[in-house]
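Student: Can you read through this structure? Questions will come right after.
Residue numbers (the working numbering), protein chains in the order written: chain A, 1 to 333; chain B, 334 to 935.
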């Protein structure tokens, strides 16, 4: 009979996992970059080590028992032990005590991260849509999409809701996820502590392109954030008369685009993301593609082929008109 | 009508043993289907930006994988043992309501076929094949399931299929509660019941209390989808959170419905193969009962990311951590059962010990997301996928395989090959750890669940490849098991009454047992009737032939006929044909009417 070595097998994937690791892990939960994410990480680490201790002790006992007491010829029949009251009490209390060590910091962290920021916090409203994110800064009168810009070191109060089905807003480096439920406003609060670009995505299954509902958070130095705010608050760029961009604006204004998209002074659609400053964003289609001419062209021509289920219809814009529209959109910094 | 061979004898059977085998083969077939779905999922995720299937197909695959494994594979595989083993363990000739038992099976089969018909039913709805299978997740969160966001018949298939299966589970639940409480052999007091039978009893109470909750939730959804009601429509002032509360109020007890039978099996296998009574029988039984009760108080731990507020999160966190205590107690008692025994390393024992080893990992990762702040980073990621598979694969499926290797000789009269069994075990064990362990890291590195594609810069590509290789290995292991089953039909060593030296009543009678089970109903004087204990000598086996002819009821056509009415009724709702609804009701009423007036003594 082969001996039991149940402890060997889990080590193999673990070793493989360590070898396989590499890269920057932009969406890791283990590299906190805010107070909220830091508190969660600290709590998880302490629970993790408790779990490791329990794992080693209990699996160790199991393996020892299986090997030590395996059947061998000539061993007398085992004593028919039916139980042991003191032992039962001991191994009821032991996990209970360990759980106290987990429960107390848990409760403390629940209340510390309960979603309340100081009144001076930057207020941001997040609205989930199938399959993109709308961001509103009510105090700054800014509306934008998919790329959330925040100043480093300042508390942020995020209010989250949905325009259609349930989504979940999640940027792991900045903290835990929070569902975007239609009809509800939920809150999280955090203070980003490092400049950088952090990726995230929708975490609640929300239909065909749930996998393609990504997001980026840009944590900026205060000066860079102020510059971004000024650009966003400025009216949408008006192209010079007779330029390619002006032709693009005219094509846009005459197309179905205006039914869904807002560009200040041109259109007032609210079904899709605002495009007033779309040229200033690094990605399109909720973080799926770089914001460059080839991708814009393919997106405008046939969005559902790039993003299954996308609600944007195929636009009958082609040739020079398409080039013009792309030039116009890229000019909207 | 009482023939023992031929198709008709299987269609009309009311023998709990045959129904148990039907449950086994049907559920195992669905297990293979669910496994195939899992392999396709893993093929798609083996590389970033995978192109094996598209988004819509992928969403159908993970929805059907979850639904199939929970409702069509694990629950009915447990039911195979409830059917076959429980009446034998309590010294009964059959279940309390044999025809209701047959009805449960046929409803289960037809419900499972109805659900899976969605894979090929596309053309009926002017859509392609592989287009109308359920696609909103096995948890079916409102309001994505509303007609506005899921206009096709996909969600209809899902909710109607689950309603049909609920009827099967409820009927079986009542049947087994009555059976266990009323048909015990003389002297089989409650605290002498074998642990597996005890866990079956707790499970059935969970079934009859939890399934009505999902039934209500699904009826609301049916009204929303078919009649334009607004139970989950936020624009009408309702809240989609109602669904989440109802679903998880069912869903968490459901987790225990899936795991308690496996715990019961392990509690039978360990004593037999370590030649020692179960350590702390009373504590193991009471902790099972306690888990059954506590399982009702933890549902919102599936909803920490909803934002229910710090008070609710704290309460559900505390109740969830508390449930770890009776679970831990069971594990310690199992280890203490092995301690000091003479352990025979049969395949059944391998799977039972594997169960404990894997369940510990699943339990510990469970504690990490019992903590709401930590859970906010883990929920809806692959970390949770890892957790549920350590609990439901490493736990439930390992437990069920332990039961299969343990009771197969009793059920078929032949012993499964131990050599192939060990191979099956080690391949499964290595495969499952390769498949599911990396998922902990994949989740912590930020990959959400239920996504059909991921970007290469997420940094989880190699880990996903490892996981896919592990899944393939599980597939190979399952093939080994299928070969073992097939080979055993003709080449398996004939099993004596008691190949293992078991303590419980099922080992006192031939393998497979005669239709009447016990030639003479035994009188039980001890918790371990077939073992010598301090106060009791082993019970003598019943005589080989009954002293007088034993009356065994014949078969009946009416349970399958009545069962047939349900999918016809569901088809009516699916296709909006009123006449089909009348037809379905007529078939069911006719079946029940004939059933009620059938002299069941042919």
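For each residue, glycine too, the CB sits at the ideal point set by N, CA and C.
Any contact between the stretch 537-554 of chain B and the stretch 419-432 of chain B? By contact I mean 3 or more CB pairs, one from each, below 8 angstroms.
Tutor: No: fewer than three Cβ pairs fall under 8 angstroms.
Student: Just checking: is the beta-carbon of residue 710(B) within a distance shorter than 8 angstroms of some beta-carbon in chain A?
Tutor: Within the second chain, numbered from 1, the residue matching residue 710(B) stands at position 377. Yes, residue 710(B) lies at the interface with chain A (some Cβ there is under 8 angstroms from its Cβ).
Student: With which residues is residue 144(A) paired in a DSSP beta bridge?
Tutor: Counting from one through the first chain, the residue named residue 144(A) turns up at place 144. Note: residue 144(A) sits in a beta bridge opposite 135(A).
Student: Which class does residue 745(B) belong to by DSSP, given the choice of helix, strand or coil?
Tutor: Translated into the one-based positions of the second chain, residue 745(B) becomes position 412. Residue 745(B) falls in the helix class under three-state DSSP.
Student: Cβ of residue 673(B) less than 8 angstroms from any chain A Cβ?
Tutor: Against the second chain, residue 673(B) aligns to sequence position 340. It does: the Cβ of residue 673(B) has a partner Cβ on chain A nearer than 8 angstroms.
Student: With a threshold of 8 angstroms between beta-carbons, can residue 194(A) be considered close to chain C, or not?
Tutor: Within the model displayed, chain C is absent; protein chains A and B are what it includes.
Student: Can you tell me which of 384(B), 736(B) and 751(B) puts its alpha carbon nearest to the alpha carbon of residue 688(B)?
Tutor: The residue given as residue 688(B) occupies position 355 in the second chain. The option with the nearest alpha carbon to residue 688(B) is 736(B).
Student: Is the beta carbon of residue 366(B) closer than 8 angstroms to that of residue 449(B)?
Tutor: To locate residue 449(B), count along the second chain from 1; it is residue 116. To locate residue 366(B), count along the second chain from 1; it is residue 33. In contact: residue 449(B) and residue 366(B) (Cβ atoms closer than 8 angstroms).
Student: For the pair the stretch 105-113 of chain A and the stretch 698-709 of chain B, tell me if three or more CB-CB distances fall below 8 angstroms.
Tutor: Flag = yes, the stretch 105-113 of chain A and the stretch 698-709 of chain B touch.
Student: Just by C-beta distance, which residues in the stretch 457-490 of chain B are closer than 7 angstroms to chain A?
Tutor: Against chain A - using a Cβ distance shorter than 7 angstroms - the residues of the stretch 457-490 of chain B are 470, 474, 476, 477 and 482.
Student: Do you know how far the Cα of residue 600(B) is from the Cα of residue 783(B)?
Tutor: Here residue 783(B) refers to the residue found at position 450 of the second chain. Here residue 600(B) refers to the residue found at position 267 of the second chain. Spanning the two alpha carbons is a distance of roughly 35 angstroms.
Student: So that I know if they touch, is there some Cβ in chain B lying closer than 8 angstroms to that of residue 137(A)?
Tutor: Locating residue 137(A) in the first chain gives position 137, counting from the first residue. No, residue 137(A) does not count as interfacial toward chain B.
Student: Do the CB positions of residue 160(A) and residue 178(A) come within less than 8 angstroms of each other?
Tutor: The sequence position of residue 160(A) within the first chain is 160, counting from 1. The sequence position of residue 178(A) within the first chain is 178, counting from 1. A contact, by the Cβ cut-off of 8 angstroms.
Student: Of all the alpha helix (DSSP H) runs that stay within the bounds of the stretch 206-259 of chain A, which reach a length of 4 or more residues?
Tutor: Counting only runs of 4 or more, we get 222-233 and 244-254.
Student: What are the boundary residues of the alpha helix (DSSP H) that includes residue 894(B)?
Tutor: Here residue 894(B) refers to the residue found at position 561 of the second chain. Segment 891-908, the alpha helix (DSSP H) holding residue 894(B).
Student: State the CB to CB distance for the pair residue 162(A) and residue 181(A), rounded to an integer number of angstroms; the pair is presumed to be in contact (CB under 8 angstroms).
Tutor: Locating residue 162(A) in the first chain gives position 162, where the first residue counts as 1. Locating residue 181(A) in the first chain gives position 181, where the first residue counts as 1. Residue 162(A) to residue 181(A), Cβ: 6 angstroms. Contact.
Student: Which of helix, strand or coil does DSSP assign to residue 877(B)?
Tutor: The count along the second chain starts at 1 and reaches residue 877(B) at position 544. If DSSP states are grouped into helix, strand and coil, residue 877(B) belongs with coil.
Student: So residue 639(B) contacts chain A; which residues on that side make the cut at Cβ distance below 8 angstroms?
Tutor: For this step, residue 639(B) is matched to residue 306 along the second chain. In chain order: 179, 181 and 186.
Student: Any Cβ of chain B within less than 8 angstroms of the Cβ of residue 235(A)?
Tutor: One-based indexing of the first chain puts residue 235(A) at position 235. Residue 235(A) does not count as touching chain B.
Student: Strictly by DSSP, which residues pair up with residue 70(A)?
Tutor: The residue labelled residue 70(A) in the question sits at position 70 within the first chain. Paired residues: 676(B).
Student: Would the stretch 794-806 of chain B and the stretch 766-774 of chain B be scored as touching if the rule is three or more Cβ pairs under 8 angstroms?
Tutor: They touch, by the three-pair rule.
Student: Starting from residue 648(B), find everything on chain A with Cβ-Cβ shorter than 8 angstroms and list it in chain order.
Tutor: By one-based count along the second chain, residue 648(B) stands at place 315. Going along chain A, no residue has its Cβ under 8 angstroms from residue 648(B), so there is no contact; the nearest lies around 10 angstroms.
Student: Examine chain B for any beta-carbon lying closer than 8 angstroms to the beta-carbon of residue 133(A), and answer yes or no.
Tutor: What you label residue 133(A) is simply residue 133 of the first chain in a count that begins at 1. Judged by the 8 angstroms Cβ criterion, residue 133(A) is not in contact with chain B.
Student: Along the alpha helix (DSSP H) that carries residue 583(B), what are the first and last residues, could you check?
Tutor: Here the question's residue 583(B) lines up with position 250 in the second chain. Residues 574-607.
Student: Counting along the chain, where does the beta strand (DSSP E) carrying residue 201(A) start and finish?
Tutor: Within the first chain, the letter at position 201 stands for residue 201(A). Note, residue 201(A): beta strand (DSSP E), 196-201.
Student: What residues in the stretch 276-303 of chain A bring their beta carbon closer than 7 angstroms to a beta carbon of chain B?
Tutor: Cβ contacts with chain B: none found.
Student: Between residue 172(A) and residue 114(A), what straight-line distance do the alpha-carbon atoms span, to the nearest angstrom?
Tutor: Within the first chain, the letter at position 172 stands for residue 172(A). Within the first chain, the letter at position 114 stands for residue 114(A). Straight-line Cα distance between these residues: approximately 17 angstroms.
Student: Run the CB neighbour count on residue 191(A), radius 10 Å, all protein chains shown included, and call it buried at 16 or more, exposed below.
Tutor: Stepping through the first chain from its first residue, residue 191(A) is reached at position 191. So residue 191(A) ends up on the buried side.
Student: Give the straight-line distance between the Cα atoms of residue 789(B) and residue 779(B), rounded to the nearest whole angstrom.
Tutor: The residue you call residue 789(B) lines up with position 456 of the second chain. The residue you call residue 779(B) lines up with position 446 of the second chain. One C-alpha to the other measures close to 13 angstroms.
Student: Throw me the rounded Cβ distance for the residue 589(B) and residue 628(B) pair, which I believe falls under 8 angstroms.
Tutor: Your numbering for residue 589(B) matches position 256 in the second chain. Your numbering for residue 628(B) matches position 295 in the second chain. Their Cβ separation, rounded to whole angstroms, is 4 angstroms, which keeps residue 589(B) and residue 628(B) in contact under 8 angstroms.
Student: Between the C-alpha atoms of residue 2(A) and residue 677(B), what's the straight-line distance to the nearest angstrom?
Tutor: Within the first chain, residue 2(A) is the residue found at index 2, counting from 1. Within the second chain, residue 677(B) is the residue found at index 344, counting from 1. The pLDDT assigned to residue 2(A) is 43, lower than 50, so where the model puts this residue is not dependable; a value taken from the coordinates is nonetheless given after this. About 11 angstroms.
Student: Determine whether the Cβ of residue 51(A) lies closer than 8 angstroms to any Cβ atom of chain B.
Tutor: As a working mapping, residue 51(A) is identified with position 51 in the first chain. Answer yes: the Cβ-Cβ gap between residue 51(A) and chain B drops below 8 angstroms somewhere.
Student: With 7 angstroms as the C-beta to C-beta threshold (strictly closer), list the residues of the stretch 49-83 of chain A near chain B in chain order.
Tutor: Of all residues in the stretch 49-83 of chain A, 51, 54, 55, 58, 59, 61, 62, 65, 66, 69, 70, 71, 75, 77, 78, 79, 80, 81, 82 and 83 have a Cβ within less than 7 angstroms of some Cβ in chain B.
Student: From what residue to what residue does the beta strand (DSSP E) around residue 752(B) run?
Tutor: The count along the second chain starts at 1 and reaches residue 752(B) at position 419. Here residue 752(B) belongs to no beta strand (DSSP E); instead the alpha helix (DSSP H) covers 751-777.
Student: Using a Cβ cut-off of 7 angstroms, pull out every chain B residue sitting near residue 208(A), in sequence order please.
Tutor: Here residue 208(A) refers to the residue found at position 208 when the first chain is read from its first residue. The answer, in chain order, is 388, 389 and 392.
Student: Using only the alpha-carbon positions, how far apart do residue 886(B) and residue 932(B) sit?
Tutor: Along the second chain, read from residue 1 onward, the residue named residue 886(B) stands at position 553. Along the second chain, read from residue 1 onward, the residue named residue 932(B) stands at position 599. Roughly 10 angstroms separates the two Cα atoms.
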